[in-house]
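*Asks:* Just passing along the structure, written as structure tokens.
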Amino acid sequence: MVARKPLTGSLTVGHATRTRWRALVLCVALGLIAAACGDAAETGASGEDAGDGAAEGRGDQKSIIRFAFAPDPVMDYLIDTGTLAAFEEEWGVRLEMTSSWDEFAFFAGGHGDIVSMSTLDMPLLEEETGVEVVGFGKYSNTRLIIGTRCDSGYETMEDLVGKRFGNGNPVTTERLVGTIVGTLHPELEFRNDGGDYEVVFNDHPVLPELIANGEIDAAYMIPEFGVQYMREGVICGLYDDRAAFQVFNDLLLPDIDHEGLQSNMFVAEKEWFESHPYEVQFFNALWQEGLDLWHRDHTEIISLYPQHFSVETEEDIAFIDEWIQEHQFNTDNVYLDEAWIEGETSIFQLARDAALMEEDAPDPTLEAVERDIPAEIDMESISEFTE
150 MVARKPLTGS LTVGHATRTR WRALVLCVAL GLIAAACGDA AETGASGEDA GDGAAEGRGD
210 QKSIIRFAFA PDPVMDYLID TGTLAAFEEE WGVRLEMTSS WDEFAFFAGG HGDIVSMSTL
270 DMPLLEEETG VEVVGFGKYS NTRLIIGTRC DSGYETMEDL VGKRFGNGNP VTTERLVGTI
330 VGTLHPELEF RNDGGDYEVV FNDHPVLPEL IANGEIDAAY MIPEFGVQYM REGVICGLYD
390 DRAAFQVFND LLLPDIDHEG LQSNMFVAEK EWFESHPYEV QFFNALWQEG LDLWHRDHTE
450 IISLYPQHFS VETEEDIAFI DEWIQEHQFN TDNVYLDEAW IEGETSIFQL ARDAALMEED
510 APDPTLEAVE RDIPAEIDME SISEFTE
């Protein structure tokens, strides 16, 4: 079992902001990346070089995975407890991480082997870049809520017809909220440039304050930015305070036993995925460890990294911890199976039915990768959860 290091010293600062639209900046980002792009050898390893002889890489010569990920408390915990270092040493794989809020553009520019993104973004990435991608690991579901003042009396999107609706992420909000409206209230329409609602655009961190002050009537909002208002009973969520993934799973897909609508699916270029099975096993095993640690140590993790949850006071820390456990968006299991894949791809048909996607738009490619730890890997020496 890996010996955990004491957690001391300064911690990485960042917000746990996940759901946002990347494609709007793709053209600009690709231009900047192309201008800055050098030979792959200058960055440490190319995707092809990183996978050659991966199993033989254990020891002095390490295989490298280039991973772009927004600041995240579980990753910080893996680093600060020494878990990541122990996995890298035992497997002979090094995770070369780039902290980025725009993993989409980073990956599209050819600078990453693995990124996390919403499953809804995967077809758009392929459309914009012409690159085939594969989703092979699940981390967290879409946790945003449709927030409104608790004293408003609003319970569903039907009650908000003609009202001011805050939107911090135009394309993602239109697709997700539009699918909810189109499925549960088919006589109504949610669109950025029309429909049955007055859409007001502003930044995500501002939306809860606008709701609390009555400047807008509701918003598709990140709960961490409204912790104080939620704790004080000023802001509540529609649909019995469900997070977006719970609205989809409970109300839009009631006949399917599914926990999905991933906002952080681990995605790789198809060619890299197929030629790097060893690295894929390492990566999923590492994140399964991270998820197990999160579910066991969530209170400690939130207290250690409150900046990721936009909280400072003990009251707010305790509140967000309780809220997260009631709206557990981090998955139990990183590994996909066929039943889960069927449930996740069914969400795309809902979007098509609501005219939020083209009828012939493809489903994302999701691959079930079974856990298959190589015999030479001593997981008992590095994992806290092996039997």
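For the sequence shown, position 246 (counting from the first letter as 1) is numbered 395 according to the numbering used here, and the numbering increases by one without interruption. Ideal Cβ placement from N, Cα and C applies to all residues, glycine included. Given the structure is predicted, the values throughout are model-derived calculations rather than measurements.
1) Could you tell me whether the segment 507-526 touches the segment 274-294, using the rule of 3 or more Cβ pairs below 8 Å?
2) For Met379, list the residues DSSP reports as bridge partners.
3) Can you tell me whether DSSP reads Val177 as helix, strand or coil?
4) Using CA coordinates, which residue listed in Leu273, Ser265, Phe255 is at the minimum distance from Glu507?
5) Starting from the Cα of Val320, find the closest Cα among Ser267, His260, Gln395, Leu356 and give me that residue.
6) Going straight from the alpha carbon of Ala118 to that of Ile263, what length do you get?
7) Let me confirm a value: Ser530 is counted as buried when at least 16 other C-beta atoms fall within 10 Å, else exposed. Which label applies?
8) Taking the alpha carbon of Asn333 as the reference point, which residue from Ile522, Ala503, Ala510 has its own alpha carbon closest?
9) In chain order, what residues of the same chain have a beta carbon less than 6 Å from the beta carbon of Asp300, not counting five sequence neighbours either side?
10) Can you name the residues that DSSP bridges to Ser248?
11) Would you please state the rounded distance, in angstroms, between the beta carbons of Arg313 and Glu347? I believe it to be under 8 Å.
12) Following the continuous alpha helix (DSSP H) through Val320, name the residue where it begins and the one where it ends.
13) Which class does Arg292 belong to by DSSP, given the choice of helix, strand or coil?
14) Alpha carbon to alpha carbon, how far is Leu309 from Gly259? Give it in angstroms, no decimals.
15) Roughly how many angstroms separate the alpha carbons of Glu491 and Ala510, rounded to a whole number?
16) Roughly how many angstroms lie between the CA atoms of Leu401 and Ile329, to the nearest whole one?
17) How is Arg340 classed by DSSP in three states: helix, strand or coil?
18) State the start and end residues of the unbroken alpha helix (DSSP H) segment that holds Gln395.
19) Is it right to say Asn362 is buried, meaning 16 or more other beta carbons lie within 10 angstroms of its own, or is it exposed?
20) Give the range of the alpha helix (DSSP H) segment to which Ser530 is assigned.
21) Residues in its own chain within less than 6 Å of Ile365 by CB, not counting five upstream and five downstream?
22) Pick from Phe394, Trp436, His407, Pro426: whose alpha carbon is nearest that of Ile473?
23) Return the Cβ separation of Arg243 and Lys287 in integer angstroms, given the expectation that the two are a contact with Cβ distance under 8 Å.
24) Could you compute how far the alpha carbon of Asn413 sits from the alpha carbon of Arg292?
25) On the DSSP bridge assignment, give the partners of Asn316 in chain order.
*Replies:* Answer, in terms of the structure:
1) yes
2) Bridge partners of Met379: none, in fact.
3) Because Val177 sits at a pLDDT of 33, beneath the cut-off of 50, its placement in the model cannot be relied upon, and the point is left open.
4) Leu273
5) Ser267
6) Residue numbering for the chain in the displayed model covers 150 to 536; residue 118 lies beyond these limits and cannot be assessed.
7) exposed
8) Checking the displayed sequence, the identity of residue 333 turns out to be Leu instead of Asn. Leu333 has its Cα closest to that of Ala503, out of Ile522, Ala503, Ala510.
9) none
10) Phe218
11) 5 Å
12) 319-333
13) coil
14) 43 Å
15) 16 Å
16) 7 Å
17) strand
18) 393-396
19) exposed
20) Careful: Ser530 lies outside any alpha helix (DSSP H) and carries neither H nor E.
21) Arg313, Gly315, Val349, Leu359
22) Phe394
23) Contact flag wrong, Cβ pair sits at about 24 Å.
24) 11 Å
25) Phe350, Tyr369
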